[in-house]
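Enquirer: First, the structure itself, so that you have it in front of you.
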Amino acid sequence: MKKLSLGYRILYFVNVAFAILLALSYLTSFVSPRTFSLLALINFSIPLLWVFNICFALIWLVKLKKYFFLSFIVIALGWFHFQKLFVLKSIDKDNEHSFKVMSYNVMQFYSLKDNRKSTYKDIESFIYQENPAILCMQELKYFKKPIFKKFKYNTLDTQNLSLQSAIYSHYPILDVKRFDFEASGNSAIYADIKMKADTIRVFSAHFQSLNLKPDIATINEEPKEKLIKRLQKVFEKQLNQFDLIKEDVTHSPYPVLFCADMNNTALSYLYQQITDLGLKDSFLESGKYYGKTFNFGVLPVRIDMILLSDSLDANSFKNYDVDYSDHFPVMAEIKL
């Protein structure tokens, strides 16, 4: 350190701080927010922490300084996490005897640009064009009239005029169970669906919302201390909601498709708990690159998932860049 100028010393100490934050962030998948809720807040910033540490490593490398190894080692330690966020090479598979499932948070059919304008017609046209066999939706608003009429079967609760999670299907629905989360506008549902000779259990879940707008300026309006405390409660609430439906996943007599707006990322403790039930991520199997499903300020994140039992295969996965909602839809082609 004696050979470094004052400017480089300051740079080094900033580098150390970002390296420590990145190293701590690797624990988010394994430490429950109930135990250490502050750690869960780092979750969404991990890609930015990688970028900062890569920049620090490059600076020291150009200067031929050994301090390069600090960020390099911390970045290398996160390779396991990197693989949950980025798919560098997708594998094309045989789509014979497969079906398509889409998951989409439709934001009550309100337009991002003008919340007085309904996006229902745009979303309906888009969905019919992509033609999924099973459609899982979150934040669905019922208009007292039939919607998505081309789907023969659905789980829509016509007596519930509030927001709900719902499943539409071209295949017969045998059984339905709803989960209305306590003191929350969020919910989940599953439907046992008869797929010719097979039956699968399909979940559509909407875990506790972060209530963050895509505009970073709006986020900055909320006092930081209040924001942090609120998000800590959100992450704990998400786990409580997951606990309500966990048994119906683990004890399902059928293969499971788990479609969800998780309001959390693939590096979260919540995601780890769900995949530990024996579910795999269709995006990691057949997706490509980053898989953005939501814009968190300037940072794109993947918080909408299609998970599936080991007995099922994701032959393909697609992200859509359509702006009918604050979320972007995802679709996987599944082979029984």
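Numbering (the UniProt record's numbering), first residue to last: 1 to 336. Beta carbons: idealized from backbone N, C-alpha and C, even for Gly.
1. Going by DSSP, which residues form a beta bridge with K335?
2. Spell out the partners DSSP gives Q138 in its beta bridges.
3. Could you round the C-beta distance between A19 and V74 to whole angstroms and report it? I think they count as a contact, below 8 Å.
4. Should P329 go down as buried or exposed, given a rule of 16 or more other Cβ atoms within 10 Å for buried?
5. For V101, tell me which candidate among F13, D313 and S125 has the shortest Cα-Cα distance.
6. How should L49 be labelled, buried or exposed, when 16 other C-beta atoms within 10 angstroms of its C-beta is the threshold for buried?
7. With H, G and I counted as helix, E and B as strand and the rest as coil, what does DSSP make of T265?
8. Measure the beta-carbon distance from L61 to F68 and round it to whole angstroms, keeping in mind my assumption that it falls under 8 Å.
9. Under 7 Å between the Cβ atoms of T28 and L21?
10. For M137, I'd like the list of residues in its chain whose CB is within less than 6 Å of its CB, leaving aside the five on either flank, ordered along the chain.
11. K121 by DSSP, collapsed to three states: which one?
12. Ignore the nearest five residues each way along the sequence and tell me which others in L244's own chain have a CB closer than 6 Å to its CB.
13. The beta strand (DSSP E) with R9 in it runs from where to where?
14. By Cβ distance, which residues of its chain are closer than 8 Å to L210, with the 5 residues on each side in sequence left out?
15. Tell me the DSSP secondary structure of T250 in three-state form.
16. By DSSP's criteria, N43 is part of a beta bridge. Which residues make up the other side?
17. Under DSSP, the alpha helix (DSSP H) around I73 begins and ends at which residues?
18. For the candidate residues P146, K149, I134 and Y142, whose alpha-carbon lies nearest to that of I173?
19. Classify K84 as buried or exposed, calling it buried when 16 or more other Cβ atoms lie within 10 Å of its own Cβ.
20. Is DSSP giving L244 helix, strand or coil here?
21. By DSSP, does A57 sit in helix, in strand, or in coil?
22. Does the separation of the CB atoms of P255 and S311 fall below 7 Å?
23. Three or more beta-carbon pairs under 8 Å between the stretch 140–155 and the stretch 109–124, yes or no?
24. Mapping DSSP to helix, strand and coil, what is T155?
25. If we call anything under 7 Å between Cβ atoms a contact, is V301 one with L277?
26. On the CB-based measure, 16 or more other CB atoms within 10 Å of its CB, does L64 come out buried or exposed?
27. Out of V176, E130 and G7, point me to the one whose CA is closest to D157's CA.
28. So what's V234 in DSSP terms, helix, strand or just coil?
29. Which term fits Y128, buried or exposed, when burial requires 16 or more other beta carbons within 10 angstroms of its beta carbon?
30. Within 10 Å of its beta-carbon, does T218 have 16 or more other beta-carbons around it, so buried, or fewer, so exposed?
31. Inspect the beta-carbon positions of S325 and I306 and report whether they are closer than 7 Å.
32. Which stretch, first to last residue, makes up the beta strand (DSSP E) that contains L174?
33. Can you tell which of A183, N43 and P33 has its C-alpha closest to the C-alpha of A23?
34. Is I200 helix, strand or coil by DSSP?
35. Cα separation between F72 and P132?
36. With C-beta atoms as the reference, is L336 less than 7 Å away from L257?
Expert: From the atom records:
1. S98 and D313
2. N105
3. 5 Å
4. buried
5. D313
6. buried
7. coil
8. 5 Å
9. no
10. Y104, V106 and A166
11. helix
12. F179
13. R9 -> not in any beta strand (DSSP E); alpha helix (DSSP H) instead, spanning L6 to S25.
14. L231, V234 and N263
15. helix
16. Looking at the DSSP assignment, N43 forms no beta bridge with any residue, so it has no partner.
17. F68 to L77
18. I134
19. buried
20. helix
21. helix
22. yes
23. yes
24. coil
25. no
26. exposed
27. V176
28. helix
29. exposed
30. Reliability fails at T218, whose pLDDT of 49 lies under 50, so the model's placement of it is uncertain and the value that follows must be treated cautiously. Classification for T218: exposed.
31. no
32. I173 to D180
33. N43
34. strand
35. 43 Å
36. no
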